[in-house]
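**Q** FYI, the numbering for the sequence shown is 10 to 193, going by our numbering.
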Amino acid sequence: MIHPAGNLLRFLTLFLLFTCTGALSAQRIMLKTNTLGWVTLTPNLGLETRLSRHNTLNLEAYATPAHYGKYRWKHATFSPEVRHWFSARPQARHFVGVMGLGSIYNMMLNEDTHEGMALGLGVTYGYSIVLGKRWSLELTAGAGYLYRREKEQYRFADPVEGINRHISSFSPLKAGVSFVYIIK
Numbered sequence: 010m011i012h013p014a015g016n017l018l019r020f021l022t023l024f025l026l027f028t029c030t031g032a033l034s035a036q037r038i039m040l041k042t043n044t045l046g047w048v049t050l051t052p053n054l055g056l057e058t059r060l061s062r063h064n065t066l067n068l069e070a071y072a073t074p075a076h077y078g079k080y081r082w083k084h085a086t087f088s089p090e091v092r093h094w095f096s097a098r099p100q101a102r103h104f105v106g107v108m109g110l111g112s113i114y115n116m117m118l119n120e121d122t123h124e125g126m127a128l129g130l131g132v133t134y135g136y137s138i139v140l141g142k143r144w145s146l147e148l149t150a151g152a153g154y155l156y157r158r159e160k161e162q163y164r165f166a167d168p169v170e171g172i173n174r175h176i177s178s179f180s181p182l183k184a185g186v187s188f189v190y191i192i193k
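1) According to DSSP, is LEU68 helix, strand or coil?
2) Jot down the residue ranges of each uninterrupted beta strand (DSSP E) in the stretch 118 to 155, minimum 3 residues, whole runs only, in chain order.
3) Just mark PRO89 as buried or exposed, buried being the case when its beta carbon has 16 or more other beta carbons within 10 Å.
4) Going by the DSSP bridge assignment, what does SER180 pair with across the sheet?
5) In angstroms with no decimal places, state the Cα-to-Cα distance between LEU40 and GLU69.
6) Kindly indicate which residue of ASN115, ILE192, LEU148 has the alpha-carbon position closest to the one of GLU161.
7) Does the distance from the CB of GLY111 to the CB of LEU130 come in under 7 angstroms?
8) Measure the beta-carbon distance from TYR190 to ARG158 and round it to whole angstroms, keeping in mind my assumption that it falls under 8 angstroms.
9) Going by the beta-carbon positions, is the gap between ILE38 and LYS183 smaller than 7 angstroms?
10) Compare the C-alpha of HIS123 against each of THR58, ALA85, ARG81 and name the closest.
11) Taking the straight line between their C-alpha atoms, what separation do you get for ALA32 and ARG174?
12) Hey, how far is the Cα of MET126 from the Cα of TYR71?
13) Select from GLY141, VAL139, ILE138, THR133 the residue whose C-alpha is nearest the C-alpha of ALA152.
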C-alpha cells in the first residue's frame with residue numbers, strides 16, 4: 010500500500026518539474042550533493058536552476074534504506090526551495106530562501122517502531138563560496154514549522170495497537186555543506 014505522504018511527494022515533484030521545465034531549458038543548471046547527508050549514509054541529490062537574475066529554484070531529494078543490527082531507519086524526503094541571491098550572480102555569496110519539506114519515514118529502535126510522515130515550511134540562509142568556473146561550496150541552514158504524524162508501536166504492546174501522535178513544533182529543517190557543479 011502506498012503511504013498518503015508518498016502521493017503528496019509524487020505530486021509535488023511532478024508539479025515542480027512541469028512548472029520549471031521552461032526555466033530549465035535556457036538557464037543555468039546546477040547539480041549538488043550535501044556532504045552532511047553522505048556522512049549519515051543518506052544518499053542525496055539536488056538540482057538548482059535560475060528563475061531570474063537574483064532568484065533560483067532549488068530541488069533536493071534524500072533517501073535512506075539504512076539497517077544496522079537492531080536499528081533500522083528508512084526515509085524519503087523531498088525539499089523544494091525558492092532562493093533570493095544578494096549578489097549580481099546567482100550561486101555566489103549570500104542568499105535567503107523559503108523552503109518546503111515533505112518526508113515519509115519508518116524507524117525501528119530496539120524493536121520499537123515509529124512510522125509516519127512530516128511536512129515543514131521554513132526559511133533558510135546560506136553562503137556560497139566560488140571554487141572555480143564550475144564548482145562552488147555551499148553552506149546552508151534553515152528552520153521553521155514542522156508537523157509530524159506518526160504511529161508508535163512498542164515491542165511489548167499489542168502488534169495491532171499503537172499510539173498515534175500529531176506533533177507540531179518549531180524545528181531545524183535544513184543543514185548543509187554541499188558541493189555544487191554548474192552544468193550550464
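Beta carbons are placed, not taken as given, at the ideal position from N, Cα and C, and that holds for glycine.
**A** The short version:
1) Along the sequence shown, one-based indexing puts residue 68 at 59. In this structure, LEU68 counts as strand in the three-state DSSP scheme.
2) 121 to 139
3) Numbered from its first residue, the sequence shown carries residue 89 at position 80. When all chains shown are included, PRO89 counts as buried.
4) For the purposes of this step, residue 180 is taken as the residue at position 171 of the sequence shown. For SER180, which the question treats as bridged, DSSP gives the partners GLY153.
5) If you number the sequence shown from 1, residue 40 lands on position 31. If you number the sequence shown from 1, residue 69 lands on position 60. Cα-Cα distance, rounded: 10 angstroms.
6) Residue mapping note: residue 161 aligns to position 152 of the sequence shown, counting from 1. That would be ASN115, whose Cα lies nearest to the Cα of GLU161.
7) Here residue 111 refers to the residue found at position 102 of the sequence shown. Here residue 130 refers to the residue found at position 121 of the sequence shown. No, Cβ-Cβ distance for GLY111 and LEU130 is not below 7 angstroms.
8) One-based indexing of the sequence shown puts residue 190 at position 181. One-based indexing of the sequence shown puts residue 158 at position 149. Rounded, the Cβ-Cβ distance is 36 angstroms, inconsistent with contact.
9) Against the sequence shown, residue 38 aligns to sequence position 29. Against the sequence shown, residue 183 aligns to sequence position 174. No; because the gap between Cβ atoms is not below 7 angstroms, this pair is not in contact.
10) If you number the sequence shown from 1, residue 123 lands on position 114. The residue with the shortest Cα to Cα distance from HIS123 is ARG81.
11) For the purposes of this step, residue 32 is taken as the residue at position 23 of the sequence shown. For the purposes of this step, residue 174 is taken as the residue at position 165 of the sequence shown. Here ALA32 scores only 45 on pLDDT, less than 50, and its place in the model is too uncertain to base an answer on.
12) Residue numbering aside, residue 126 sits at position 117 when the sequence shown is read from its first letter. Residue numbering aside, residue 71 sits at position 62 when the sequence shown is read from its first letter. Taking the straight line joining both Cα atoms gives about 14 angstroms.
13) The residue labelled residue 152 in the question sits at position 143 within the sequence shown. It is THR133 whose Cα lies nearest to the Cα of ALA152.
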